[in-house]
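For the sequence shown, position 25 (counting from the first letter as 1) is numbered 25 according to UniProt numbering, and the numbering increases by one without interruption.
Using N, Cα and C, we set each Cβ at its ideal position, and we do this for glycine too.
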Amino acid sequence: MRTLTVRIVTPEDTPGWHVQLWSQPDGHHAELVATAPLGEDLVRVAAGEHGQWALAPSLFGAGTDTADRRAMGERLFMATFRGEVARRWSVERAAATPAHPVRVRLDVASPVLRALPWELVREGTQWLYRRDELIWSRGPMRGPEPAPPAEHGPLRVLVVVCSPDDPQFRADDEIAHIEAALAGINGLAHTEVLDGPSRYRLAETIDDLRPHVLHVIGHGMPRPGTGGAALHFNWMRPNRHPVDHPEPWELMAEHVDELSMKWKPRLVVLNACRTAGDPMEVIGGLAAAFLDSGVRAVVSMQADIDSPAAVIFSSALYRAIADSCRIDKAVALARRAIALQVADTDCWALPVLDLTHPPGCVLPRSFVADPHLVADVRARRGYADLRRFLDRSTERRTAWWTLDPPMEPEPVREPGRSLLVIGGSADPKTRSGKTWLVYWSLLACFLRGNRVTYVDLSSPVAYGDPTRRAVAGGVKDWTTALRMIRDACQDPRQPEPLPCKAFYGFNAVLNALLRGAAPPTADIGEPVRDEGLGFDDDVSRPDGRKAEIFATFFDALAAVSPDRLHVIALDNVHRIMEGAFDDVFYPLFLGPVAARRHRGLRVVVTGQNEWLDNHLPSGDHHLCQRIEVGGFAAGDYMRLARDYCRRNGLAFERLEILFQKIQELLYGGGYAPVTSFDEIKAMATRLGLDGLRT
């Protein structure tokens, strides 16, 4: 794709302000193709004589209309596209089509001129920033440069709500739209929300999470007495008092670089409005501060944006990012969404995109797994349900970083533990979503190039023989558990099943040792069927035979993919007989994994908290990562209800009273099971609430 750069500069060899038009095909150096003097009106603005341009800072405020903004856009175009620049622009634009668009970058040297609302630029009857064949951004022109290495996903997004108690914002609604947009690519993105943080907490979270995207919802206002840019945190409207939040504070432009010395987000979205009448450059100053700190791209608002428009913008922006659009295209699509849904305000022109890197280098992501296989896996049972998996951001990150922590630009932590233990309540009425967390963790690991296997130890078993009748659920002995793991590794329903021949040798050894015979010593090249025998402890060398069976199984796993991490999830581990687990399965399977004796293997187990407490050796607690999941707390319930409705296409407003009743019941200290939202949806359907769906 070709990039046109419109530069407004004062060339060293030419007096006065000029407009330069540069053309740059992808991967090539830019070529200067046209030059013309800048219009006198803008020359005077650059010199501080605003004249008719004095209206610019209030163009989106009360008392102005589309006619004022249209006139401003026409003046911007006429003063910029003149002479040879206008002629070459016409040629380049005529060659652009929606199917083959051209990128347009605006590079303005004068800070005063940069503060003008260039997004309103208008040629004839057309708003240029709304044309499908033109993809706009701001920022300095750059030569061709190697793209930074793509980072393995998931994409990490940190949403910061500056003042959670401010009713002016629809922060929960915006968060629900962001979560819903990214939930459509389940497993490809990880979102965390930070409400009203202190300065220290914000910096700590950026360092810990290392977000690719920092999304800020709040107020951007001039600092009293200085006019400098600042974001206000925990700021309260009159007669309101903070509840469970830190003291108010301000993030000023000059302190942005101090937020994190270890990590810089790739993209910052300042979905922050200004108070009416604030100077135009307030948010621009914050954007510039983030860019100067090393951020690759910043999206900011050049005037007040109403919360409904901000929600529309965020929803469309993250849907486009989820579709792997480059950031300039994503902003263009979000701008278009506002234009189509919000009439007569021209607030589509409020978002400003500033870049320091080519748009394709802002969020470079890659997944090792084949894209076609990824799409297939995400549609399978278990993985497809992850769209309904709400919240659990802390637990998700802990699980992911235990199994396969991100490495860019350096490991986020010491190598993760090899055994992850996820516990939940034994009460079926308080289901906590352990299995969803397992599937999410497996999908994240799979996308990062690892082999993953899911095993449900509560399911019936047939010992690897499709002709054998499955044994109903219930508790399993250790041989059954091991066979279930083997069978799951070969199951075609797994993302990448192992070939059956991987276990020919193991089956031969298993059959021999279960009979009490000597195991074969030669490689087994022919199919060997599991004979389905049980283990007899009265036969000679019972302990030695058990150890040899497990050692052979580990060898089989290692041989098939020696250079690739294999993550095996054992759901409902409490279905293993207590004695079999304590005496055999833990010492010979889970214990060696926890002790990292098998470097290429990670194991996740889930079970009931009480059972896990009683059966995991206390002396090994330091070897495993423990996560406990429960129901949804009262303070999170309404936000999650919005998120649930948005993901499922439901009208939250129609169900809000039901959610509120549940929340009132929870304030006694209770937790709602993860199924409560599905139950409310079913109840509303039975009651025949009209307009349930959006």
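- A straight-line Cα-Cα distance of about 28 Å links M683 and S393.
- Annotation note: the region 77-113 contains the following uninterrupted beta strand (DSSP E) runs of length 3 or greater, listed N- to C-terminal: 102-108.
- Scanning its chain for C-beta atoms nearer than 6 Å, with the 5 sequence neighbours on each side dropped, one finds around V509 the residues P519, T552, in chain order.
- Restricted to the region 129-159, not a single alpha helix (DSSP H) segment is unbroken, complete and at least 4 residues in length.
- Leaving aside the five residues that flank Q494 on each side, the residues in its chain whose CB is nearer than 6 Å to its CB run, in chain order, T453.
- A contact is defined here as three or more CB-CB pairs under 8 Å, and the region 378-386 meets this definition with respect to the region 437-444.
- Q126 sits in a strand when the DSSP states are folded into three classes.
- Beta-bridge partners of C624 (DSSP): L419.
- From the listed residues I576, I178, A349, the smallest Cα separation to A322 is found for I178.
- According to the DSSP assignment, S393 belongs to the alpha helix (DSSP H) that extends over 393-403.
- Residues of the same chain with a CB within less than 6 Å of the CB of V475, apart from the 5 flanking positions on each side, are R575, M577 in chain order.
- Distance from the CA atom of L59 to the CA atom of D68, rounded to whole angstroms, is 7 Å.
- Residue environment: H212 is assigned as buried (16 or more neighbouring CB atoms within 10 Å of its CB, all protein chains considered).
- Secondary structure note for T675: it is in no alpha helix (DSSP H), with a DSSP letter that is neither H nor E.
- For secondary structure counted as the alpha helix (DSSP H) over 4 or more consecutive residues, the region 564-620 holds these complete runs in sequence order: 591-594, 609-615.
- Looking at the backbone, the Cα of P542 and that of F581 are separated by about 16 Å.
- A direct Cα-to-Cα measurement between L650 and F677 gives close to 11 Å.
- Assigned with DSSP and collapsed to three states, D385 falls in helix.
- T3 and R639 have their C-alpha atoms some 42 Å from each other.
- I312: member of the alpha helix (DSSP H) spanning 307-322, first to last residue.
- As DSSP reads the structure, N186 sits in no beta bridge.
- Taking C-beta separations shorter than 8 Å and ignoring five residues to either side along the sequence, the partners of C162 in its chain run G196, V216, I217, G218, H219, L231, H232, F233, N234, W235, A272, following chain order.
- Judged by DSSP secondary structure, R335 falls within the alpha helix (DSSP H) whose first and last residues are 327-341.
- For Q494, the secondary structure class from DSSP, reduced to helix, strand or coil, is coil.
- Taking a 10 Å sphere around the C-beta of Q24, we find 16 or more other C-beta atoms and assign the residue as buried.
- Scanning its chain for C-beta atoms nearer than 7 Å, with the 5 sequence neighbours on each side dropped, one finds around N572 the residues D456, L457, S458, T606, G607, in chain order.
- Spanning the alpha carbons of W89 and A343 requires a straight line of approximately 30 Å.
- For W348, the closest of L340, L355, A559 by C-alpha to C-alpha distance is L340.
- Counting along the chain, S441 sits inside the alpha helix (DSSP H) bounded by residues 434-447.
- The beta carbons of Y637 and I657 sit no closer together than 9 Å.
- Three or more beta-carbon pairs drawn from the region 35-46 and the region 10-21 are found closer than 8 Å, and the two stretches are therefore classed as touching.
- Under the three-state reduction of DSSP output, V368 falls in the coil class, being neither helix nor strand.
- Taken through DSSP and simplified to helix, strand or coil, N507 comes out as helix.
- A straight-line Cα-Cα distance of about 9 Å links K262 and D208.
- Of the candidates E531, F632, H100, the residue whose Cα lies closest to the Cα of R483 is E531.
- Sequence-distant Cβ neighbours of R319 in its own chain, meaning closer than 6 Å and more than five residues away, are A181.
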